[in-house]
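K.L.:
The opening residue of the sequence shown carries number 3 in the working numbering; numbering runs sequentially from there.
We put the beta carbon where it would ideally sit given N, CA and C, even for glycine.
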Amino acid sequence: MSFIMGFTISTTSNCGLTLISNSFIQNHMPSANGNFVKIYLYLVMLCQHADTAGNSSIDALADCFECTESDILRALRYWQKEGLLSFTEQNGEITSIVLSTDAADTASAVTAEREPDIDASPVAEETVVPDGISIPNRQEYTPLQAEALMKDIEISEAISQAEKILGTTLSTTHLQMILYFMCDIGFSQEMIATLYRTAHSRGKTSPKYMEAIGLTWAKKGITTPEEAKDESSAFSGLYHVVSKALGLNRSLAPAEREIIDTWSDYGFSDEIIEQACKRTVLQTGGTNLNYITSILKDWHKKGVLTLADIEKCDKSFQQKKKTGEQKNSATQQKRNQFQSFPQREYSKEDYSSLEKQLLRNVQA
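1) Between which two residues does the beta strand (DSSP E) holding residue 97 run?
2) Checking the sheet assignment: what are the DSSP bridge partners for residue 192?
3) By DSSP, does residue 89 sit in helix, in strand, or in coil?
4) So, for residue 363: in the same chain, excluding its five sequence neighbours on each side, which residues have a beta-carbon less than 7 Å away from its beta-carbon?
5) Who are the Cβ neighbours of residue 176 in its own chain at under 6 Å, not counting the five residues just before and after it?
6) Whose C-alpha, out of 24, 32 and 88, is nearest the C-alpha of residue 187?
7) Is it buried or exposed, residue 138, if we count other Cβ atoms within 10 angstroms and call 16 or more buried?
8) Quick one: Cα of residue 98 to Cα of residue 211, how far?
9) Starting from residue 246, trace the alpha helix (DSSP H) in both directions and tell me its first and last residue.
10) Under 8 Å by Cβ, that's how I've got residue 278 and residue 262 pegged, so tell me the actual separation to the nearest angstrom.
11) In whole angstroms, what separates the C-alpha of residue 22 from that of residue 148?
12) Starting from residue 83, trace the alpha helix (DSSP H) both ways and give me its first and last residue.
13) For residue 157 and residue 40, what's the separation of their Cα atoms in angstroms?
14) Rounded to a whole number of angstroms, what is the C-alpha to C-alpha distance between residue 220 and residue 60?
15) Measure from the alpha carbon of residue 307 to the alpha carbon of each residue in 268, 144, 88 and 76, then state which is nearest.
16) Just to confirm my understanding: we take residue 1, look at its own chain, exclude 5 residues before and 5 after, and list those with CB closer than 7 Å. What are they?
17) In this structure, how does DSSP classify residue 254 when only helix, strand and coil are distinguished?
18) Roughly how far, in whole angstroms, is the beta-carbon of residue 143 from the beta-carbon of residue 178, given that I think they are within contact range, below 8 Å?
19) Looking at the structure shown, is residue 179 part of a helix, part of a strand, or coil, going by DSSP?
20) In the structure shown, what three-state DSSP assignment does residue 223 receive?
21) Below 8 Å on the Cβ atoms is my guess for residue 84 versus residue 30; work out the distance and round it to an integer in Å.
22) For residue 180, tell me which candidate among 281, 82 and 151 has the shortest Cα-Cα distance.
23) Give me, in chain order, the residues of the same chain whose beta-carbon lies closer than 8 Å to that of residue 309; leave out the 5 immediate sequence neighbours on both sides.
24) Tell me which residue opens and which closes the alpha helix (DSSP H) that residue 302 is part of.
25) For the alpha helix (DSSP H) that residue 280 lies in, which residues bound it at each end?
26) Determine the closest residue to residue 69 out of 289, 191 and 166, with distance taken between C-alpha atoms.
27) CB-CB under 6 Å to residue 189, same chain, minus the five flanking residues each way: which ones, in chain order?
28) Check whether the Cβ atoms of residue 78 and residue 87 sit closer than 8 Å, and answer yes or no.
29) According to DSSP, is residue 51 helix, strand or coil?
30) If distances are taken between C-alpha atoms only, which option among 37, 81 and 283 comes closest to residue 249?
31) When the Cα atoms are used, what is the spatial distance from residue 240 to residue 233?
32) Determine the direct distance from the alpha carbon of residue 34 to that of residue 46, and round the result to whole angstroms.
33) For residue 214, which option in 27, 140, 44 and 20 has the closest C-alpha, if you only look at C-alpha atoms?
34) Does DSSP put residue 143 in a helix, in a strand, or in coil?
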């Protein structure tokens with residue numbers, strides 16, 4: 003589907019502000035995808051300040067927001083479903099966009115046609131709108147709606163990729179979930195593919211499981227496959243083992259991951275690393291990764307390969323400790339024996355007799 007139509011927007015207003023109705027802020031913005039909000043606000047700005055906007059088109063909007071034309075269309079469809087705008091197409095091209103009254107008497111409208119002039123009344127108030135992290139409620143698309151949406155090239159490719167990953171045709175539940183994430187939340191085709199790969203790598207194919215992962219990403223503001231992979235790595239593989247053993251309820255910091263990555267050089271299994279983590283918590287009461295490293299390094303020097311080897315090391319340590327205690331005890335006993343050697347007690351007569359004996363020896 004190609005969108006090459008341009009449109010010219012003009013206005014008689016010289017206002018340097020863009021006014022947004024309270025109704026939009028209170029009733030629509032909190033639950034909308036942040037990118038959808040940006041696109042809607044931009045359309046309102048074009049409506050109110052068309053003299054500075056010049057020619058515009060779906061292509062231009064996509065370039066402005068560094069997204070695809072399909073992303074712009076998903077935003078338009080979302081706001082159309084919310085009742086805030088409507089648009090018409092002719093021969094696969096957008097010919098007009100009309101912003102509807104936003105639950106107020108003051109109307110704000112924009113008609114984008116083949117080079118028309120557009121006049122619009124401003125809405126109620128100015129506001130600074132941040133990206134929202136609230137998630138829109140899921141609703142089922144009708145068969146006709148779903149069929150129309152799946153004609154979108156990006157949605158169609160996302161479905162095709164998901165089917166390749168799972169190796170089967172997607173069920174209606176899967177299709178509804180993909181439409182929800184792409185049309186309502188704003189996931190890209192690459193994000194959907196990453197979602198399916200993540201679930202499949204964990205042996206999960208349930209739509210509910212995938213939806214839970216996707217909602218977590220959305221709530222955390224994750225919008226790129228790279229961010230999604232970083233988030234997933236914290237809950238899979240060795241990172242997950244370490245986080246669970248240490249009782250961490252957060253994502254690992256990059257510096258922490260770097261330390262954990264060095265442990266792979268020892269060739270230990272997850273069970274052995276988990277054991278080192280548990281011992282660190284018990285012995286230090288903390289989660290010092292450097293302490294864990296010292297334990298693993300010591301086990302590596304001793305040739306530990308299994309949990310049984312760790313038990314042998316523990317027994318050897320206890321035996322050496324016991325032997326050392328016995329040696330210390332024997333040494334202490336010898337010292338005590340010397341100190342407890344029976345001492346002779348001397349009386350005054352004995353000292354007097356010794357003095358006389360010494361005098362005789364000197365005189366002699």
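P.N.:
Inspection of the coordinates gives the following:
1) One-based indexing of the sequence shown puts residue 97 at position 95. In this chain, the beta strand (DSSP E) harbouring residue 97 covers 95-101.
2) As a working mapping, residue 192 is identified with position 190 in the sequence shown. Looking at the DSSP assignment, residue 192 forms no beta bridge with any residue, so it has no partner.
3) As a position in the sequence shown, residue 89 is number 87, starting the count at 1. DSSP places residue 89 in strand when its eight states are reduced to three.
4) Position 361 of the sequence shown, counted from the first residue, corresponds to residue 363. Taking C-beta separations shorter than 7 Å and ignoring five residues to either side along the sequence, residue 363 has no partners in its chain.
5) As a first step, residue 176 must be located in the sequence shown, where it is residue number 174. Closer than 6 Å at Cβ, skipping near neighbours: 209.
6) Numbered from 1 along the sequence shown, position 185 holds the residue referred to as residue 187. In this structure, 32 is the residue among 24, 32 and 88 with its C-alpha nearest to the C-alpha of residue 187.
7) What you label residue 138 is simply residue 136 of the sequence shown in a count that begins at 1. Buried, since its Cβ has 16 or more Cβ neighbours within 10 Å.
8) Your numbering for residue 98 matches position 96 in the sequence shown. Your numbering for residue 211 matches position 209 in the sequence shown. For residue 98 and residue 211, the distance between alpha carbons rounds to 40 Å.
9) Position 244 of the sequence shown, counting from 1, holds the residue named residue 246. Residues 239-248.
10) Counted from its first residue, the sequence shown places residue 278 at position 276. Counted from its first residue, the sequence shown places residue 262 at position 260. The pair is not a contact, with the Cβ atoms about 11 Å apart (cut-off 8 Å).
11) Residue 22 sits at position 20 when you count from the first residue of the sequence shown. Residue 148 sits at position 146 when you count from the first residue of the sequence shown. Distance between the alpha carbons of residue 22 and residue 148 is about 31 Å.
12) Translated into positions along the sequence shown, residue 83 becomes position 81. Run containing residue 83: 71-83, per the alpha helix (DSSP H) assignment.
13) In the sequence shown, the residue the question calls residue 157 occupies position 155. In the sequence shown, the residue the question calls residue 40 occupies position 38. So the two alpha carbons sit approximately 21 Å from each other.
14) One-based indexing of the sequence shown puts residue 220 at position 218. One-based indexing of the sequence shown puts residue 60 at position 58. Rounded to the nearest whole angstrom, the CA to CA distance from residue 220 to residue 60 is 25 Å.
15) Along the sequence shown, read from residue 1 onward, the residue named residue 307 stands at position 305. Closest by alpha carbon: 268.
16) Lying outside 3 to 366, the shown extent of the chain, residue 1 is not represented and no answer is given.
17) Within the sequence shown, residue 254 is the residue found at index 252, counting from 1. For residue 254, the secondary structure class from DSSP, reduced to helix, strand or coil, is coil.
18) Start at 1 with the first residue of the sequence shown, and residue 143 comes out as number 141. Start at 1 with the first residue of the sequence shown, and residue 178 comes out as number 176. Indeed they touch by this definition, with Cβ atoms about 6 Å apart.
19) Indexing the sequence shown from 1 puts residue 179 at position 177. The three-state secondary structure of residue 179, taken from DSSP, is helix.
20) Your numbering for residue 223 matches position 221 in the sequence shown. Three-state result, residue 223: coil.
21) Numbered from its first residue, the sequence shown carries residue 84 at position 82. Numbered from its first residue, the sequence shown carries residue 30 at position 28. With a Cβ gap of about 6 Å, residue 84 and residue 30 count as contacting.
22) Taking the first residue of the sequence shown as position 1, residue 180 is located at position 178. For the residues 281, 82 and 151, the minimum Cα distance to residue 180 belongs to 151.
23) Taking the sequence shown and counting its residues from 1, one reaches residue 309 at position 307. Same-chain partners within the cutoff: 273, 274 and 277.
24) Within the sequence shown, residue 302 is the residue found at index 300, counting from 1. Residue range 291-303 is occupied by the alpha helix (DSSP H) that includes residue 302.
25) In the sequence shown, counting from the first residue as 1, residue 280 sits at position 278. Its alpha helix (DSSP H) spans residues 272-286.
26) Start at 1 with the first residue of the sequence shown, and residue 69 comes out as number 67. Looking at the Cα atoms, 191 is the closest of the given residues.
27) Translated into the one-based positions of the sequence shown, residue 189 becomes position 187. The beta carbon of residue 189 is closer than 6 Å to those of 183 in its chain, skipping five residues each way along the sequence.
28) Your numbering for residue 78 matches position 76 in the sequence shown. Your numbering for residue 87 matches position 85 in the sequence shown. Contact flag set, yes.
29) Numbered from its first residue, the sequence shown carries residue 51 at position 49. It is coil, neither helix nor strand.
30) By one-based count along the sequence shown, residue 249 stands at place 247. Residue 283 is the option with its Cα nearest to residue 249.
31) Here the question's residue 240 lines up with position 238 in the sequence shown. Here the question's residue 233 lines up with position 231 in the sequence shown. Their Cα atoms are separated by approximately 14 Å.
32) On the sequence shown, residue 46 is found 44 positions in, with the first residue counted as 1. On the sequence shown, residue 34 is found 32 positions in, with the first residue counted as 1. Between residue 46 and residue 34, the C-alpha separation is close to 16 Å.
33) Reading the sequence shown from its first residue, position 212 is the one you call residue 214. Checked all of 27, 140, 44 and 20; the closest Cα to residue 214 is 140.
34) In the sequence shown, counting from the first residue as 1, residue 143 sits at position 141. Looking at residue 143 - three-state DSSP - the assignment turns out to be coil, as it is neither helix nor strand.
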